[in-house]
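Data first, discussion second: the structure below is written as structure tokens.
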Amino acid sequence: MKKLLFLALLGAVSPVLAVSHTIVKTVNPPILMVFSTGTGSSLSQFSLLSTDFPSGTLNATKKLSSVNWRTSSYPTTTGERAELCYSQPYSSTEILCIPVALNSAGSTDVFNNYRFDNGVRVIIRHVVTNGTPSYYHSPAGQEQVSFTYSY
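Going letter by letter, the sequence shown gives residues -18 to -1, 1 to 133 in mature numbering (1 follows the signal peptide of the UniProt record, and there is no 0).
Spelled out as structure tokens, the structure:
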């Protein structure tokens, strides 16, 4: 009897193991147009929907572990730079942006302290500062963002 009581109490106080999951999103970046000022920008948006999360976990508390990215570029532009920006669930306000290299892959944990759940949005923004006006630029390839989190 004492052994069963001990095992029952042990089960009640032992920590619950977190489950790790990754959501991967891939997009084709839009065509970038340079305006008469010689500047232009494009956005690749990666929004999380309820259908991106495993069944039965929508109401679970989630903790972001990392955001991985793979950027493209617009090879016919000059003065191009890119940044990765994070918006909390259902917000259009970017709370933090970090510079990322063109045609590269990387990972960051700088967004981990912000709320993570259904409705989160990450963008890869390309900005051109010295382009040929009225010229349309095509991207070199796809862009990808993956969210690794636990619940």
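Beta carbons: idealized from backbone N, C-alpha and C, even for Gly. These numbers come from a predicted model, not from an experiment.
Around the beta-carbon of T43, fewer than 16 other beta-carbon atoms lie within 10 Å, marking it exposed. About 5 Å separates the CB atoms of K7 and V127; that is less than 8 Å, so the two are in contact.
For the options N10, V16, Q27 and T114, the alpha carbon positioned closest to that of Y68 is the one of Q27. For P81, the enclosing beta strand (DSSP E) starts and ends at L78 to V82. Contact annotation, T21 with G101: C-beta distance approximately 30 Å; criterion of less than 8 Å not satisfied.
In the structure shown, T90 adopts extended strand secondary structure according to DSSP, grouped into three states.
For T59, the three-state secondary structure derived from DSSP is coil. A Cβ-Cβ separation of about 33 Å leaves L(-2) out of contact with I105 under the 8 Å criterion.
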